[in-house]
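Visitor: According to the working numbering, the stretch in the sequence shown is residues 332 to 604, in order.
Beta carbons are placed, not taken as given, at the ideal position from N, Cα and C, and that holds for glycine.
Bear in mind that the values here come from a model prediction, so they are computed numbers and not experimental data.
One structure, as structure tokens, below. Some questions next.
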Amino acid sequence: ISRDSLHKRRATGGKQKAWRKKRKYELGRQPANTKLSSNVTVRRVRVRGGNSKFRALRLDSGNFSWGSEATTRKTRILDVSYNASNNELVRTQTLVKNAIIQIDAAPFKQWYQQHYGVEVGLKKRSAAAAAPAEEVKQSDHVQRKLKLRNKDRTLDPLLDEQFSVGRLYACISSRPGQCGRADGYILEGKELEMVRTKTFKEEHPLEKRQAEATRIREKYPDRIPVIVEKAEKSDIPDIDKKKYLVPADLTVGQFVYVIRKRIKVSPEKAIFM
């Protein structure tokens, strides 16, 4: 791999004669293609100036920050979910900068309970099934401190939902092939909504998407959400990748039926999600 221009053709199309040898500063190195694996391997590479780079070949954990709570925890990386540049990197579970991954929520769940005295991610249970939790004795000072913290406490419902599953979406912000680490931040707000939109269809079959439909229905009361199935030779573009919000006078079943019959629906009548 060479980063010089001596091996390239001239503008006229003719080849250039090699008039000097290759230089050390023109070398290129092959990509690390850091894989998700428990057999952690990081190599030290001697680079220009006697400095070092750390080439991570296999990693399984990293430090991830929770921006809105200003805290950072080391946690396991569980899965590579999405990569805007290349689907092949998702299939091969390759850790690169800006890859969207899923991390273990346990360290953050533990911190949240300790910091606010509130357990997050509790699955909804009936009153009869819910067993009374044991009360932990706390000093007046601790109680005052927790009360003060809880006054301004807010938690995104989407994050709470992820805590109940035990996995959080995160983005890698470091460069594993250069610094030997896979560090990043937990996705929140618009970023998290975008990633859920991209990955939700692959992870959940149609009959299991009712929770997402309910959430959208609450957000847009005048519209009804429909997650469109793939239909060949349809007039609506990219059916398998799009999620529609349709006028409220149509039911979910009717709209899916219209699409399956391949009757043209103008894109102006639907909001692309």
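Residue 411 and residue 430: beta carbons closer than 7 angstroms?
Guide: Yes, the pair counts as a contact, with Cβ atoms nearer than the cut-off.
Visitor: At which residues does the alpha helix (DSSP H) containing residue 442 begin and terminate?
Guide: That run of the alpha helix (DSSP H) goes 437–447.
Visitor: Under the DSSP definition of a beta bridge, which residues are partnered with residue 410?
Guide: Answer is 433.
Visitor: Whose C-alpha, out of 372, 356, 447, 483, is nearest the C-alpha of residue 392?
Guide: Comparing Cα-Cα distances from residue 392 to each of 372, 356, 447, 483, the minimum goes to 372.
Visitor: Mapping DSSP to helix, strand and coil, what is residue 383?
Guide: In the structure shown, residue 383 sits in a strand (DSSP, three-state: E or B).
Visitor: For residue 426 and residue 439, what's the separation of their Cα atoms in angstroms?
Guide: Each residue's Cα considered, the two are about 22 angstroms apart.
Visitor: Just reading off the beta strand (DSSP E) that residue 498 is part of, what are its end residues?
Guide: Taken as a continuous stretch (DSSP letters only), the beta strand (DSSP E) holding residue 498 covers 498–503.
Visitor: Quick one: grab the DSSP three-state call for residue 398.
Guide: Residue 398 falls in the helix class under three-state DSSP.
Visitor: Looking at residue 389 and residue 370, is the spacing between their C-beta atoms short of 7 angstroms?
Guide: Cβ distance < 7 angstroms, so residue 370 and residue 389 count as in contact.
Visitor: Looking only at its own chain, which residues have a Cβ that is under 6 angstroms from the Cβ of residue 383, when we skip the five neighbours before and after it?
Guide: Same-chain partners within the cutoff: 375.
Visitor: Between the C-alpha atoms of residue 507 and residue 453, what's the straight-line distance to the nearest angstrom?
Guide: Whole-angstrom Cα-Cα distance: 34 angstroms.
Visitor: My output table needs one value for residue 508: the three-state DSSP class, helix, strand or coil.
Guide: DSSP places residue 508 in helix when its eight states are reduced to three.
Visitor: Taking all protein chains shown into account, do 16 or more other C-beta atoms lie within 10 angstroms of the C-beta of residue 350, making it buried, or fewer, making it exposed?
Guide: That one is exposed.
Visitor: If you reduce the DSSP assignment to three classes, tell me which class residue 624 lands in.
Guide: Residue 624 is absent from the model: the chain starts at 332 and stops at 604.
Visitor: Please return the same chain residues whose Cβ sits closer than 8 angstroms to the Cβ of residue 409, not counting the five positions on each side in sequence.
Guide: Same-chain partners within the cutoff: 432, 433, 434, 435, 498.
Visitor: If residue 332 and residue 354 are in contact, beta carbons under 8 angstroms, what's the gap, nearest whole angstrom?
Guide: The pair is not a contact, with the Cβ atoms about 13 angstroms apart (cut-off 8 angstroms).
Visitor: Assign residue 367 to buried or exposed, taking buried as 16 or more other Cβ atoms, counted over all protein chains shown, within 10 Å of its Cβ.
Guide: Result: buried.
Visitor: Between the region 480–487 and the region 501–518, do three or more beta carbon pairs fall short of 8 angstroms?
Guide: Not touching, per the Cβ criterion.
Visitor: If you count every other CB in all the chains shown that lies within 10 Å of the CB of residue 475, and 16 or more means buried, which is it?
Guide: Per the 10 Å Cβ criterion, exposed.
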